[in-house]
Structures are given as structure tokens and as C-alpha cells.
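In what follows, a structure is listed as C-alpha cells, so that the remarks can point back to it.
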Amino acid sequence: MDDTKEKRPLSLQVYNFRAALSKFEKLVEQVAAYKRDERAGLIIQKEDVIDYDKFYASVQELFDIELKSQDVKCFYRKLCKDPDAPIDWCEIFGYFSTEGDSLAHQLDKENLIFLVSEKQRIATSGSRRRDVIKSIVKIPQLDLLITASQKGLIRVFNNQMKVLISTNITDTSWITGCDYLSQLKRIVATTERTVIVWDYKAQGGSQENYFVIKPMDHCLLCVCVVPLPDQLCREDILLGDDGGFVSKFTMNSDDFGLKQSKIKKKLQSQILDSKNFKSVKRKLHNDWVMRVRYIPSLNCFGSCSLDSVHSLVFESLKRLEDNLPVREFAMPKGANTFCYCVKANVIITGGEDKVLRLWHPYISTKPVGKLVGHMFSITEIVTNEKDQHVISLSSAKVFRVWNIQTLSLLQVFHDSQGGPGDMQIYSMVYDAKHGMLITGSSFIDMYPLTRMVQDTKQVPHTHEREINVMLYNKFFHQVLTICSESIIKVWELETGIQIYQIMDPHGFNVELTSAAIEENGVLFATGACTGTVKIWDFSSGQELKVLLEGKDWKEEEHWVKHLIFLHAQDKHQYFILALECSGTIKMIQGREEDTFLMVIWELPDVMPYFHDGNHTMQLKTSTKDKNVAIPFPDVELIIHGNSSQCTNVSFIFLDIFMNCIDLLQIEGYNLIVAGTLNGMIILWNFVASTVKEVYRPEDCSTVDLDPDPKRFRINDILFLFRTPECARRLSQESICSSSHCESSKGAQSSKGSKQSIQDGEGKGEYADLMEEQQLAGKKGPVPANLAEAQPPILVTAHEDGHLRLWTLEGRLLKDMLPFTKHSAISLTSLYTDSCSRVLLAGNVEGHVILCSIGSFLDSPHDEKKFRQVLSWRAHSSEIIRVIYVEDKQLVLTASIDGSVRLWHAFNGHYCGYFGQQRIFDLSQTRDFILPCDVTEFPIEIKEESKFTEKKQKYEYPLIFDREKWRKTSSTTLLSKRAPPKAFEVQHDFKFFKSLSSPKVHKNALEGFMTENREAGIVFGSLPIYRVPSPTTIKFLPLIGVESQRQSVDGMSAKKKGQHEKMSRRKSLKRNLVPQINLASSFFPALVKQTENW
């Protein structure tokens, strides 16, 4: 009996604990549901809100035991961060399945702040053993790093961490700190008894050109410089010593320049008396002064000590000269170090009590926050102002990274390298320019900062499968993505946080192929491979209506390729234009009173009727449902008698299906345009009731086995139209900004981040575009007659890589092959902004092409005003969609690699990808980064300036003209001057008179073969021309060889009679040129050929 009594309470305890666990799971489900509704934007009653206090009280009541608030808070924070994440109930009691720290399980590889695996280590060179780095100073304006070792080695590093100059301080005492004198251009260091001022830029064979200031009353422990921008030749430094004093020393350039001028050959260390310097000091602490800093933003200095009462003093420099009370902060066991965060306006302190405290600069009674987690005393604290991070270091070489805004732990890592004697890090600094954490011990260690994307070596992924659809809701500022696994995800643009997702929206194993967002952003529609269409509420993801699948439908025919919402006059109904894989274009109607969507009309098939020069056909409005107000009326073809007998024989082997569509539905225009697989452009004009064949390739109608049947395909088509409001606003902006255009132009790219295509002063391309985009949002009163809208233009993206622009009449305005690393890459997607100033295109190799078209749309459509501005590689695979976010000046790209990435539009800088752990940082950062799978830098295409145009135009090389040689009379040359001497070149010689420019034949060469498969892809597509062989050139004799011989004969002929006169006249004809082989100068190759003969 006694045994059963003892077992009964235990069984009751187990039963009660299980019941408490079931209730706890329900509580967790309630909190998760509340967080999902909160993210979806639903209105929640105040009484239903479960905050942390209510959650903690409920958990305490369920388990009836003492729980640690830190564990409950960690559990609640994890639940709020990701309501769908798997959660173990053991975590509420502080037990974790992972090893290590209790919060370390939240830090995966992609959530690291610093890449510990990429740490770089630099050894401390020098002959002194067991030396350590006591102080590290970063000079941002010079991009230099200064290190000072304990035994006197001071070195200056450049941005590549190469030593520029170094010196050894020959002092018996150890160095305790150093800093940089910005006005005097010198380095100041402190030892235990002296102050060292080193002129590191001085010329001379020896580097021991430093000054020693001594004696000092106490042992110096730290130093900092007070920047004085208004004083060019003066510098103030603050010193902290072991007596609790803080001293201010004033240094002038005369104190060092006069002494240095007396040095003759070898520069030696000079000793200066400390009494000759102006100094003030005041005792502020009762223990050692561990750190002293000056805060320029507050015009205050701070000093910390191991004193528990006067742990931190934060005051202005004037308090050093008087005895007025100072602002003191007290903490147990004092403070080893402190730092100040400008953005958060807090002081962070750390010391022997292992607690980080956050203080308001003017409230010294109580800290505003505490960060607990270190197991050893805190020795160093630095801040990352940009990311609002605090990095703290303990004496056990354990680093902790905190978020200063949320007071949460982000990363913990340990420096495990080094032996037992290397257990302490003496100095630490954060390099904001290069994103690097630098520490000093026996070595110099550098931990690179991960810039949102370079945490791991894996390719960024948003979905597990390839992306099918990407859309942007400009009203909600959210991005919708759909993958081939039929998972819909909605993301926040500015942060990258996922709002919600929908699994299998059209049923199990039904792939979604298209989607569209309503013009107001309230609804979105999805289309599947089965032909079904559904309407959803964008804010909540709730299904509203559905178009059911027909009984006799085939998946290959009714595959929905494209969806477009139409403008509806009635707010209680909406219309959707759908393009199916079979080429059928149909309109779907949805009304509030109807349960399902329904198809109200289909466009007739017009392809068989465009033949024999018939390019335009008339349409008539159908008689059924005339009373229904629909955006596009139901139409029928007007078929003439001769067209009724047409057959489809010529189209048997052709792909004439529609591949892409676009519509223009504004006042005065009611158009639908379609691009086909065989390169045709079809335009439906519902205002004029016509359907027109805008363009047809010449060879697209031939019934033969084309070696490349896809080469005519149009992958995307787009209307470029500027509304009258946009046209007037742009005209006003151009007038207003014309006076500032010269001053606003500048280079927008970072150093080393872009490649320039064309030399010259092509700067300002990005400045012009960015200025236009910024002015686009500023609306004001515009005169009505300032500008008029131009007719719309069509732009097509082709399989052959060309970008072509057309008028509605079919006239080709521009045919451009975008410049990328590899030319002739198939284009896949097009996008433009609301006022058609920027045109974006994506291709199958992952490149994004940015073009400026603002001036091109203005009549008369100058071809030179359409220019490519930028090109960069965004993915390693095909881009299926590219979107330009106008108000943020960002570019969204989606690829078949399963990732959706974000870029800065006008420089191609990478921002991140949707699905990463950290939120986006959309600021224009100086650090240029690339995704892991991309190695190509953005390419900037500069427009050639008028100053770089070459004014001198070189002609073709002159050739010998035999016609001129025959026509030239030698008697005219003989009458001018006497026979020349040997090796003299005269300007009026007959040979030079006979030189002329070559005659270039402008007739085209005849090609006889194209696209040879055996030659390969590149060389096989090059045309081969037959060039007729040139006429044989007769070789010139060695001109002047005979002239020298005949000139000698002419001198002897003077003494002879009349019989020798005829020979002298013949020799004069050969005296026209000296003895020079002119033929070798004009025909060098031919001379070699004669020599071989």
C-alpha cells in the first residue's frame, strides 16, 4: 500500500506536466497565429494581443516553477522572428539540442557578422622576442594604420597592409599607447615615463627622427589627440596616468621644427623638457586611468578607471582647468574601456564585472541598458556605426557582436590560435572603410565583415526551384515570386523579409506559369499549366475566385503564358487578358455576384489570312452582349471572298503561335500587340477596328528545315509611350535643370567597381539619369501647351540578341545589339519606367542591360539618342524577369537559378537577395561586392565627347597611278631646275606627281555560304565572301641606278662635238630622280618576292 501511495503522486506529476505541455503548445500556436496576422496587416483587437508580459505570465502559470526570464525572452523572440520555425519545448527551460552557448544555436552560417574563416594574420616583425601590439590607430583620411608594440616598434601600414615605414624607440620603458597628430602630421606615442613624437614623413637615412618629451610625474597609461580644425599648427593631447590624473598637453609646430632644422646629416632622437610645454591636469579618479577618448560630436572627453565610484568621467575640456564638479558614472569594479556610438547616442562601458552597460551621455544615475554574456572581464569595445553593432572583447579572447538597437546578440567567436602565452589581445579597432575588425596581440589579426551576401560560398537562393514569375506591387512596396514548385512568396522590398507564402495554390503538383497584379495593387491573379486562373487578395493571400478547368482541355494548349489586368469602368468587376500556349488570346471576367470566373471572348486567329501581301484586315464588333461595358469589344474578322479559300499549307511546319503580348489602354489608344515564335508582330487596333501585320521576317514563311528554327522568335514585346502629363513634366524638368546640368555631372561609380568601354570624357551618364528619376517624383503646375505626347513605339527582344524599335506602321527606328562580354546573346525580358526614360533588358546568360531612351522618344527619334548606359552580370543563369523600381532606383532580377536579387540601378552594385537572414541595406555603399557566382564587374558605356573626337583624318596610303604617269610631261619638269644631285628628293618629280589615293569600290561583295556547322558556333555563323583576285602589279625598276652613270658621261661629253648631244638629251630623262630604290618603300613585299625569284 505504501508503494502505491508513493507512485501515485509521481504519476499525477507526469500527467500534469503533459497537460501543461499540451496547453503550452496551444499557447505557442496562438502567438504564432497572432504574429502571422500582424505581418499580414490584419486588424487585431487589443485584448487578443499576446505580448511578452502576458506570455511570460501564462508560461509561469502553466508550469508552476521558477523560470529564467532570459530563457523565456529568448524563446519568445525566436517565436516572433519566425512563427513557422520548429520550436522545442525544452528551450523554455534553457536546454538546447545544440552544443555551445544557449544563443549560439540561433546563429547559422548565413547570420555571421564577421567571416572568422577568412581571418588574415600578420606577424610582428622585429628582433625583439615576445613583443605584443599595445595600440592600433586607424587614420581614415589617409587610409593608414598605425601600430605600436610594447617594446618600441612603431609601424605605418597602407591600405594593402604593407609596411610603409617603421622605427624602433630606444627606450627602457614600455610603450602604452599611440595616436596620430593630424595638424602636425606626426605620430605621438607614450611610454611609462615619456612622450614620443615621431616625424614619420621626414627625409633622411635614419628613421630615428623622433622627439622625447620628459620627465613625467606619473606613469602614463593612455593617450588620445584632441582634433582642432581651426588651429593649423597646434595640437592638444590628453594623457591618463596611474595616479588618476588626466593631463592636457599643447604642442606647436615650432616646438619640433626649430630643433629639427639644426640636425645636419644623421637624424637622431632629441630630448625636450616637458616643462617647456603648456599643460594642465586634474585628478579625476582614485585609481589608474585605463582609457581616455575625445568625442568631437559632443565636444567632450571621457576617461575611465578601475575606481568603483569615479568609474567614468564625461565632461568638456574646460573642467580640466578648474575644480568644478564633473559628470561621473559609477559601476562595480570600475571600467576597463568605453566607446561612444554617435547614431544611438549612447556610451558603452565594460570592465571586470563582465557586463556591458549603455549610458546616456547626460544621465549618469542609471544605465539605459545592459548586455550580459561575457564570462571573463571585458578589455576592449568598438562600434560599427553603419550597421549599429557593438563588438566587445573579453580577456579570454572571446568576441561578441551585439545589435545596439535591439540589444540582441548577433555573433560569438573565439580566437583559438596561439599558445598559452598568447591569451590576451591588447588592442582592437574597427576599420569602417574596408569593413574589417583588426586586433593586436602577438600578431595582427584581421576579421573581414560579411557584406550581406558573402557569408557562405553557396549561391543565393530565394526558392528551392527555378523562378517562373516575379512581380512588384508598387503600392504595397512588396515583391511576389513564384517557383516551378508552385510556391507563392511575398517579400518586403526595403527589408527583404518574407511576409507570407502559399503552398500549392492551384492544387497538388500543379505548376504556376504566370501572374499579374491589379493596377491598384489590391488583387493579383495566377495562371497554371492546366489553364486555370485564380484571383487572390494581395494583402492577406486569400483566394477570391477561380476559373475552373474545362473537361476537354489539354495541358499543352491551355497553358497560361501571360496575364494582364485590364482597366475596368465598373469597380465591382474586373477583366483579365490571358495568353495561352496555343496562341489564343482571351478575356476573363470576374464579377462580385458570380462565384467563378468566366471567359467572355477570344480573339480570332488571323495568322492564316496574312498572305500574298495582305498585311491588314478589318474587324467588326460582335452583336452579342453589346450592353456589357468591357475594355476590349468582342470582334470578328471581315473575310473577303478571295481570302475564304486560304489554306494553311504554308504554315504546316511553322511556329506561328503567340509568344508574348502587351497592351496599351489609354485615352486615344486601345491596342494589343503580340510577338510570335516565327518573328511576326501583330497589332490589334480596337479604335480603328483593324488587325495589322506590323513586321514579318523574310525567311519566316519558308517551309524548310531551318538549322536554327528559334532564331526569329520574339521573346518579349513592350509599348513605349509617354503620356501628355509625363511629356509636359519632362519638358519642364529639362528647362529647370538646364542651368544646373554642367555642375551636376559627375562620376557615380566606385573605384574598381566598373570597367569603361570608351575612353574620353563620357562622365555624367548616371548623373543625368539619376537626376531625371529624382525630378520625376517632384510634380508641379505645368503649362498645358508645353509639350505634347508622341505616338507609341514598339520595342522587341529577339532570340538573336537584337533589340529593335518600331513604329506602329512597321518602320524600323533602331536595331541595336547590346554590348555585353559576349555579343549576340538572346534577350528574354524587357521593362521600362512610367515615363519611358529607362529601358531594361535581361538575357539568357544573366546580364542586365540598361539603356537611356528619354530623348529618343521625342520626334524625330534620333538614333544617336538611344544609347546603352550600363551592363552587368546579375546571374550565372538565364534571367526570366527584370523589374525597375522607379522610386527607389533599384533593379529586381529573377533567374532560373532560383534566386531573386536586388541591385542599384545606375551603378550595378549588389544589394542582396530575397531569402537572406539579414535585412537589406539599400544605401549607396562604397564597398563593392558581387554574388558568389558572379565574377564580372559592371561595364559602363560612355558616350564619346566632342573634345575627344579626332580632328585629323588620315587618308589611305598613296599608290602609284599609271594613268598619271603617262599624262605627265617630262619637259615641264626639265625647264624648272637643273638635274638633281644624287640622294636628293625633289617635290616636283614625276614619280611623286603620279601618286594618288586608292579607288575604293563601294559595291557589296557577293556571299555564297553562311552558317557552317562544321566550323563551330562562332566561326560557323560568320559570312564568307568571295573576293576577286587583284590585277598583277608590274615591278618598278631601280630608279636612279642609271642616272649616276649617265651623269658622269655627261660631264665628259662637254669636250666632244655635236655627235654627243643626242645621248646627253636621253640621259636627262633619267636624271629626274636620285639613286634611291623608291619601289622598296612603296612595295616592300613585292621587292622581297623579286629577291626570292
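Residues 1 to 1093 (this note's numbering) are what the sequence shown spells out, left to right.
For every residue, glycine included, the Cβ atom is placed at its ideal position computed from N, Cα and C.
- Message: For LYS821, which residues in the same chain have their Cβ closer than 7 Å to its Cβ, ignoring the five residues on either side in sequence?
- Response: GLU936.
- Message: Count Cβ pairs between the region 272–281 and the region 298–307 that sit closer than 8 Å; are there 3 or more?
- Response: Touching, no.
- Message: Taking its Cβ as the centre, do 16 or more other Cβ atoms sit within 10 Å of ALA19, making it buried, or is it exposed?
- Response: exposed
- Does the count of Cβ pairs from the region 541–554 and the region 563–573 closer than 8 Å reach three? no
- Query: How long is the line joining the alpha carbons of ALA824 and LYS710, rounded to whole angstroms?
  - Reply: 14 Å
- Query: How close, in whole Å, do the beta carbons of ASP241 and CYS224 come, if the pair is a contact with beta carbons under 8 Å?
  - Reply: 13 Å between Cβ atoms; not a contact.
- Query: Do VAL398 and VAL412 come within 8 Å of each other at the CB atom, strictly closer than that value?
  - Reply: yes
- Item | Beta-carbon separation (whole angstroms), LYS248 vs LEU181, contact threshold 8 Å | At roughly 14 Å, the Cβ-Cβ gap does not stay under 8 Å, so LYS248 and LEU181 are not in contact.
- Item | Span of the alpha helix (DSSP H), counted from its first residue to its last, around SER58 | 52–63
- Task: Starting from ASP570, follow its DSSP beta bridges and name the residues at the other end.
- Result: Paired residues: none, contrary to the question.
- Task: Have a look at VAL212 and MET161 and give me their C-alpha separation to the nearest angstrom.
- Result: 28 Å
- In terms of DSSP beta bridges, what is GLN589 paired with? PHE575 and MET598
- Message: Using the three-state DSSP reduction, which class does CYS300 fall into: helix, strand or coil?
- Response: strand
- Message: Quick check on CYS233: buried or exposed, where buried means 16 or more other Cβ atoms within 10 Å of its Cβ?
- Response: exposed
- Residue interval of the beta strand (DSSP E) (run including LYS964): Element bounds for LYS964: not the beta strand (DSSP E) but the alpha helix (DSSP H), 962–967.
- Answer with buried or exposed for ILE517, where buried requires no fewer than 16 other C-beta atoms within 10 angstroms of its C-beta. Buried.
- At what residues does the beta strand (DSSP E) containing SER514 begin and finish? 512–517
- Task: Output yes or no for whether 8 Å exceeds the beta carbon distance between GLN790 and LEU857.
- Result: yes
- Is ASP537 near LEU523, with beta carbons less than 8 Å apart? yes
- Local conformation of TYR76 per DSSP, three classes: helix
- Residues bridged to THR191 (per DSSP): ILE175
- Taking the CB atoms as reference points, tell me whether LYS73 and ILE87 lie closer together than 8 Å. no
- Under the three-state reduction of DSSP, which class applies to ILE678: helix, strand or coil? Ile is not the amino acid found at residue 678; the sequence shown has Asn there. Residue state, collapsed to three classes: coil.
- Item | Selected residue, minimal CA-CA separation from GLN270, among SER253, ASN209, VAL795 and MET251 | ASN209
- Query: Of the residues SER173, ILE122, ALA727 and ASP171, which one's Cα is nearest the Cα of VAL163?
  - Reply: ILE122
- Message: Measuring only the C-alpha atoms, how far is VAL985 from PHE992?
- Response: Residue confidence for VAL985 is low, a pLDDT of 46 falling below 50, so the modelled location carries little weight; the figure read from the coordinates is stated next. Near 10 Å, if we compare the C-alpha coordinates of PHE992 and VAL985.
- Leaving out the 5 sequence neighbours to the left and right, which residues in its chain are closer than 7 Å to ASN403 when beta-carbon positions are compared? Result list for ASN403: GLN388, HIS389 and LEU410, in chain order.
- Query: When the distance is taken between beta carbons, is ARG901 closer than 8 Å to ALA874?
  - Reply: yes
- Message: Does GLN868 pass the burial test, meaning 16 or more other C-beta atoms within 10 Å, or should it be called exposed?
- Response: buried
- Whole runs of the beta strand (DSSP E) within the region 290–348, excluding any shorter than 3 residues: 300–305, 312–315 and 337–341
- When the Cα of LEU471 is compared with those of TYR831, CYS932 and LYS865, which residue comes out closest? That would be TYR831, whose Cα lies nearest to the Cα of LEU471.
- Query: Counting along the chain, where does the beta strand (DSSP E) carrying PHE249 start and finish?
  - Reply: 245–252
- Taking the C-alpha atoms as reference points, what is the distance between PHE157 and ASP415? Each residue's Cα considered, the two are about 23 Å apart.
- Between GLU352 and the rest of its own chain, which residues show a CB-CB distance below 6 Å, the 5 nearest in sequence each way excluded? Taking C-beta separations shorter than 6 Å and ignoring five residues to either side along the sequence, the partners of GLU352 in its chain run LYS333 and SER377, following chain order.
- Query: Which value, in whole angstroms, describes the spacing of the CA atoms of ASP217 and LYS275?
  - Reply: 11 Å
- Could you tell me if CYS90 is buried or exposed, where buried requires 16 or more neighbouring beta carbons within 10 angstroms of its beta carbon? exposed
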